[in-house]
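Sequences listed follow chains A and B, in order.
Take the first sequence: its position 99, counted from the start at 1, is 549 in this note's numbering, and no numbers get skipped.
Take the second sequence: its position 323, counted from the start at 1, is 1075 in this note's numbering, and no numbers get skipped.
The C-beta atom is built at its ideal place from N, Cα and C for all residues, glycine as well.
I have placed the structure first, in the form of structure tokens, so that the comments after it can refer back to it.
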Amino acid sequence: MTSALYSSAPDTAVERHTFSVLVENEPGVLARVIGLFSGRGYNIESLTVAEVDRVRRLSRINLVTTGSRMIIEQIKNQLDRLVPIHKVRDLTVEGAHLEREIALIKVVGSGEKRVESLRIADIFRAHVVDSTNTSFVFEMTGRPEKVDAFIRLMEPLGLIEISRAGVVAMSRGTDGI
Amino acid sequence: MTTDPTKTESRAMTGAEILVQALADQGVEVVFGYPGGAVLPIYDALFRQNRVRHILVRHEQGAVHAAEGYARSTGKVGVVLVTSGPGATNCVTGLTDALMDSVPLVCLTGQVPTHMIGNDAFQEADTIGITRPCTKHNYLVKQVGDLSRVVHEAFYIARSGRPGPVVVDLPKNVVMAEGEYTTPSDLDAPRHGSYRPQMEPERAKIEAAIELIANAKRPLFYTGGGIINSGPQAVQKLRELVQLSGYPITNTLMGLGGFPASDKQFLGMLGMHGTYEANLAMAECDVMIAVGARFDDRVTGRLADFSKGSKKIHIDIDPSSINKNVRVELGIVADCGRALDALVEQWKARRCKPDATALKAWWDTISTWRAKDCLRYRQSGEVIKPQYALQRLYELTKGKDVYFTTEVGQHQMWAAQFLKFEEPKRWMTSGGLGTMGYGFPAAMGVQVAHPEALVIDVAGEASFMMNMQELSTMMQYRLPVKAFILNNRYMGMVRQWQEFFHGGRYSESYMDSLPDFVKLAESFGAHGVRATKPEEVDQAIRTMIETPGPVLADILVDQAENVYPMIPGGAAHYEMKLGPDHGELKETTDKGMVLV
């Protein structure tokens, strides 16, 4: 008997997993996914959705969630059994993958702080997409942790508003979803 | 001029005609429903044909439970037709019940015209939103062109994979519009390529399972409703595998009848009110073979102490049932019938021989548990024991073409303990949701499917009163359902928990101002019979069976009787309590207050 056939040992440690879900682009499909999470008490850390194939009417949901191994496995199976869901991929389990997020960050201030914010934005390769005499809106793209780090640095420099798009994800390598 | 909408192929049809044609092509013989404004065009189309029969219920909840009874006693899809708004919301309990117990249903709900959706129109409800979490899938049909495809797809989804209820919401303008009909055969694959239940087991896993099963020292089969849903192959292959191996088997509440109760290898039902031998065998086994069962909390008790020493094999068609509550060593996603077939084939091919010495020792242990005779009770004095009434009911109906349904509570558990089922689809009970009021309309649906059979709803007086209006339906359609009411003037199971866990304070569990059930029956034009003493029970049962038409049997039973054995909620199998007849004292305490 090969051990690969058997489920692994129980584990209560909380893990963060990123799912990519290919769904039928039809009314109510997002409500089904969200209803599943709220109804069963699962967490949603981030969720993005957009059409990715107009001809086949497919949308892709990228979803970041947390839970024990057993919960994560449940989430995958519960998603998979929804009728309009084509594919569910747990990218975290399946290996190397990319995660990117776009954010708009508004910073208001003047003098030294204003200069400092611009200098840090440069290091992070964030772009200025709007500016007044006393404010900037930065656009930045990167791994969620990079966005977190940038926001932390902006906090003392007059940060007043954040808008984040949520995680988009994809596996590395030659395989498609 | 009247035209039969089911016979018009060439001309343009209205949505209502398309719907009725689709039902007929899906093999639907009967629809349980209740009309209203939004579904009037559909009722008009039903009126002008005679392939699909309609049973007019007295409350929409009754329609859904009747369809459940019909579905579970035949294996076919049950069909419900109701109007918008309250018609649809009244179905929610039944739909949830069907979802929990994996019953294939298609529920057609009327809806206000598409241009009025969202305007708080008269009898408008967000049916799709409301029923999303209590259906396997649901549809809002926005164009008549989608109608036949959606209806065929709904039937396919309801009956395939893990069966369940599907709602199709039908705006009035869609069923009035003209469109084209597509037959089911035009739909080779449903549009949702995304819906593909996994039927075949993985070969390597079957081999691993056989290895575990054949080498077990203290094996146990634990099988559930999945065996019955899967069909005759599963039932037959399960018998074969249990016979070949000589291993013991226990059934869940939903699985009763999946294996013959009279077989020596059958340990009875397991779980909270299961037998002592079944639950201790679960606790002590070294290999557990779970097939079509879902490790419900009423089965497992305290999870941390659930069958700690066993390796578990779990076969289920629903991947989300595996590793949901209990971690198993080997999960096999497949149809039960095909998996059992593969197991039997492997068992034979490998000429498996169980360890005879170990198996003998295991059966010896089980015999000592059986010797406790855990369901023993004493019928003495003037008061009818509910167990006695059920035992007599079983004896007097044995060998007949009989179907049983139940309501929910003490009577349900006693029925599960004292009625014995030799074959599947004879026992219909609300297991997952625990819906009081299920049994009487469900019995009605069973009777519609089996007009010549004896159909008995084992009820409590409290549950019976939740859907007793259906007696009127039974009178109208001459459905001779028998309600066997174990009347203890209490919500018995609530009272039992209050006695055990809430200091004997019977808060609101007493049924006051009960009707005279005999007169109640008579007021509907049905027959009523009553037994108040043990010696009257047999006669009451005989009269109930022999009287044509619906009968209410009011059996006045011991008010203080409790269901034993019992694993208190959240306790472990080895903490099982036997009854006072076994010398164990009843406890009246606040300490045991339990969470589940």
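Worksheet item: Looking at the unbroken beta strand (DSSP E) that takes in CYS1088 (chain B), where does it start and where does it end?
Response: Walking along the second sequence from the start, residue 1088 (chain B) turns up at place 336. CYS1088 (chain B): not part of any beta strand (DSSP E); member of the alpha helix (DSSP H) spanning 1088-1101, first to last residue.
Fill in: Residue environment, ARG506 (chain A), which counts as buried when at least 16 other CB atoms sit within 10 Å
For the purposes of this step, residue 506 (chain A) is taken as residue 56 along the first sequence, with counting starting at 1. Per the 10 Å Cβ criterion, exposed.
Worksheet item: Does the distance from the CB of ASP1038 (chain B) to the CB of ARG1102 (chain B) come in under 8 Å?
Response: Sequence index remark: in the second sequence, residue 1038 (chain B) carries index 286 (1-based). Sequence index remark: in the second sequence, residue 1102 (chain B) carries index 350 (1-based). No; because the gap between Cβ atoms is not below 8 Å, this pair is not in contact.
Fill in: Integer-rounded CB distance, given that ILE980 (chain B) should sit under 8 Å from GLY1009 (chain B)
Counting from 1 along the second sequence, the entry for residue 1009 (chain B) is found at position 257. Counting from 1 along the second sequence, the entry for residue 980 (chain B) is found at position 228. Going by Cβ atoms, the distance from GLY1009 (chain B) to ILE980 (chain B) rounds to 7 Å, so yes, they are a contact pair.
Discussion item. Taking the alpha carbon of HIS626 (chain A) as the reference point, which residue from A:HIS577, A:GLU589, A:VAL502, A:ASP598 has its own alpha carbon closest?
Written reply: Counted from its first residue, the first sequence places residue 626 (chain A) at position 176. Looking at the sequence provided, one finds Gly at residue 626 (chain A) rather than His. With distances taken between Cα atoms, GLY626 (chain A) lies closest to A:VAL502.
Discussion item. If I measure Cβ to Cβ from THR476 (chain A) and keep anything under 8 Å in the same chain, skipping five residues before and after, which residues do I get?
Written reply: Counting from one through the first sequence, the residue named residue 476 (chain A) turns up at place 26. A quick correction: the sequence has Glu, not Thr, at residue 476 (chain A). Around GLU476 (chain A): ARG507, PRO534.
Item to complete: In the DSSP assignment, find the beta strand (DSSP E) that holds ASN475 (chain A) and state where it starts and stops.
Response: On the first sequence, position 25 is the one that residue 475 (chain A) refers to. It is not in any beta strand (DSSP E) - ASN475 (chain A) carries neither H nor E in the DSSP assignment.
Discussion item. Considering only their Cβ atoms, is the gap separating TRP1099 (chain B) from ILE962 (chain B) smaller than 8 Å?
Written reply: Position 210 of the second sequence holds residue 962 (chain B). Position 347 of the second sequence holds residue 1099 (chain B). Going by C-beta atoms, ILE962 (chain B) is nearer than 8 Å to TRP1099 (chain B).
Item to complete: Using a cut-off of 9 Å between C-beta atoms, extract the partners of ALA481 (chain A) located in chain B.
Response: Translated into the one-based positions of the first sequence, residue 481 (chain A) becomes position 31. Those are ILE880, GLY881, ARG884, listed as they occur along chain B.
Discussion item. Are the CB atoms of THR861 (chain B) and LEU792 (chain B) within a distance shorter than 8 Å?
Written reply: Here residue 792 (chain B) corresponds to residue number 40 of the second sequence, with the count starting at 1. Here residue 861 (chain B) corresponds to residue number 109 of the second sequence, with the count starting at 1. Taking 8 Å as the Cβ cut-off, LEU792 (chain B) and THR861 (chain B) do not qualify as a contacting pair.
Worksheet entry | Where the alpha helix (DSSP H) through GLY978 (chain B) begins and ends | The residue given as residue 978 (chain B) occupies position 226 in the second sequence. That run of the alpha helix (DSSP H) goes 977-982.
Worksheet item: In chain A, which residues lie less than 7 Å from ASP1070 (chain B) when you measure between Cβ atoms?
Response: Within the second sequence, residue 1070 (chain B) is the residue found at index 318, counting from 1. Near ASP1070 (chain B) (Cβ distances below 7 Å), the residues of chain A are ARG531.
Worksheet item: Nearest chain B C-beta to ASN475 (chain A) closer than 8 Å, yes or no?
Response: Here residue 475 (chain A) corresponds to residue number 25 of the first sequence, with the count starting at 1. No - not a single Cβ of chain B is within 8 Å of the one on ASN475 (chain A).
Discussion item. If I follow the unbroken beta strand (DSSP E) through SER1239 (chain B), where does it start and stop?
Written reply: Within the second sequence, the letter at position 487 stands for residue 1239 (chain B). It should be noted that the sequence gives Asn, not Ser, for residue 1239 (chain B). From DSSP, the beta strand (DSSP E) with ASN1239 (chain B) extends over 1234-1239.
Worksheet entry | Element boundaries [beta strand (DSSP E), containing ASN512 (chain A)] | Counted from its first residue, the first sequence places residue 512 (chain A) at position 62. Counting along the chain, the beta strand (DSSP E) containing ASN512 (chain A) begins and ends at 508-517.
Item to complete: Return the bridge partner residues of GLY767 (chain B) from the DSSP annotation.
Response: Mapped onto the second sequence, residue 767 (chain B) falls at position 15. The partner list for GLY767 (chain B) (beta bridge, DSSP) is empty, contrary to what the question assumes.
Practice prompt. Give the DSSP bridge partners of HIS1202 (chain B), in chain order.
Written response: Within the second sequence, the letter at position 450 stands for residue 1202 (chain B). Paired residue(s): none; HIS1202 (chain B) is not in a bridge.
Practice prompt. Would you kindly report the start and end of the unbroken beta strand (DSSP E) that includes HIS1279 (chain B)?
Written response: As a working note, residue 1279 (chain B) is residue 527 in the second sequence. That run of the beta strand (DSSP E) goes 1279-1283.
Item to complete: Closer than 7 Å by C-beta to SER854 (chain B): which residues in its own chain qualify, once you throw out the five before and the five after it? Chain order, please.
Response: By one-based count along the second sequence, residue 854 (chain B) stands at place 102. These residues qualify, in order along the chain: ARG914, PRO915, GLY916, GLY977, ASN981.
Worksheet item: Do you know how far the Cα of GLU932 (chain B) is from the Cα of GLU474 (chain A)?
Response: Along the first sequence, read from residue 1 onward, the residue named residue 474 (chain A) stands at position 24. Along the second sequence, read from residue 1 onward, the residue named residue 932 (chain B) stands at position 180. If you draw a straight line from the Cα of GLU474 (chain A) to the Cα of GLU932 (chain B), it is about 24 Å long.
Item to complete: Measuring only between beta-carbons, confirm whether ASN527 (chain A) sits less than 8 Å from chain B.
Response: As a first step, residue 527 (chain A) must be located in the first sequence, where it is residue number 77. So yes, ASN527 (chain A) belongs to the interface.
Discussion item. Determine whether the beta carbon atoms of PHE588 (chain A) and ILE552 (chain A) lie at a separation below 8 Å.
Written reply: Your numbering for residue 588 (chain A) matches position 138 in the first sequence. Your numbering for residue 552 (chain A) matches position 102 in the first sequence. Taking 8 Å as the cut-off, the Cβ atoms of PHE588 (chain A) and ILE552 (chain A) do not count as close.
Worksheet item: In chain order, what residues of the same chain have a beta carbon less than 8 Å from the beta carbon of GLN813 (chain B), not counting five sequence neighbours either side?
Response: As a first step, residue 813 (chain B) must be located in the second sequence, where it is residue number 61. Around GLN813 (chain B): ASN842, CYS843, THR845, GLY846, GLY1189, PRO1193, ASN1219.
Worksheet item: Who are the near neighbours of ALA576 (chain A) in its chain, counting only those whose CB is closer than 6 Å to its CB and skipping five residues on each side?
Response: As a position in the first sequence, residue 576 (chain A) is number 126, starting the count at 1. Excluding sequence positions up to five before and after ALA576 (chain A), its CB lies within less than 6 Å of the CB of PHE588, MET590, all in the same chain and listed in chain order.
Practice prompt. Identify the continuous alpha helix (DSSP H) that holds ALA906 (chain B) and give its terminal residues.
Written response: As a working note, residue 906 (chain B) is residue 154 in the second sequence. 899-911 is the span of the alpha helix (DSSP H), which, as asked, contains ALA906 (chain B).
Worksheet item: Taking buried to mean at least 16 other C-beta atoms within 10 Å of its own C-beta, is PRO1000 (chain B) buried or exposed?
Response: As a working mapping, residue 1000 (chain B) is identified with position 248 in the second sequence. Buried, since its Cβ has 16 or more Cβ neighbours within 10 Å.
Worksheet item: Do the stretch 1303-1313 of chain B and the stretch 1261-1280 of chain B make contact, defined as three or more Cβ pairs closer than 8 Å?
Response: yes
Worksheet entry | C-beta neighbour in chain B for ILE535 (chain A), strict 8 Å | By 1-based counting over the first sequence, the position of residue 535 (chain A) is 85. ILE535 (chain A) counts as touching chain B.
Worksheet entry | Contacts of GLY485 (chain A) in chain B (Cβ-Cβ under 7 Å) | Within the first sequence, residue 485 (chain A) is the residue found at index 35, counting from 1. Ordered by position in chain B, the residues that pass the 7 Å Cβ test against GLY485 (chain A) are ARG884, PRO885.
Discussion item. According to DSSP, is LEU548 (chain A) part of a helix, a strand, or is it coil?
Written reply: By one-based count along the first sequence, residue 548 (chain A) stands at place 98. Note: LEU548 (chain A) maps to strand in three-state DSSP.
Discussion item. Can you give me the C-alpha to C-alpha distance between VAL1349 (chain B) and ARG550 (chain A), rounded to a whole angstrom?
Written reply: Because chain B spans 753 through 1348 in this model, residue 1349 (chain B) falls outside it and cannot be assessed.
Worksheet item: Roughly how far, in whole angstroms, is the beta-carbon of ALA1205 (chain B) from the beta-carbon of ASP1153 (chain B), given that I think they are within contact range, below 8 Å?
Response: In the second sequence, residue 1205 (chain B) corresponds to position 453, counting from 1. In the second sequence, residue 1153 (chain B) corresponds to position 401, counting from 1. Their Cβ separation, rounded to whole angstroms, is 5 Å, which keeps ALA1205 (chain B) and ASP1153 (chain B) in contact under 8 Å.
Worksheet item: Is the Cβ of GLY1361 (chain B) closer than 8 Å to any Cβ of chain A?
Response: In the structure as shown, chain B starts at 753 and stops at 1348, and residue 1361 (chain B) therefore has no counterpart that could be examined.
Discussion item. Quick check on GLY478 (chain A) - is its C-beta less than 8 Å from some C-beta in chain B?
Written reply: The residue given as residue 478 (chain A) occupies position 28 in the first sequence. So, interface residue.
Item to complete: Measure the CB-CB distance between ILE1065 (chain B) and MET1040 (chain B) and report whether it falls below 8 Å.
Response: As a position in the second sequence, residue 1065 (chain B) is number 313, starting the count at 1. As a position in the second sequence, residue 1040 (chain B) is number 288, starting the count at 1. Closer than 8 Å, so yes.
Worksheet entry | Whole-angstrom C-beta distance between HIS806 (chain B) and VAL783 (chain B), which should lie under 8 Å | Here residue 783 (chain B) refers to the residue found at position 31 of the second sequence. Here residue 806 (chain B) refers to the residue found at position 54 of the second sequence. So it is a contact: roughly 5 Å between Cβ atoms.
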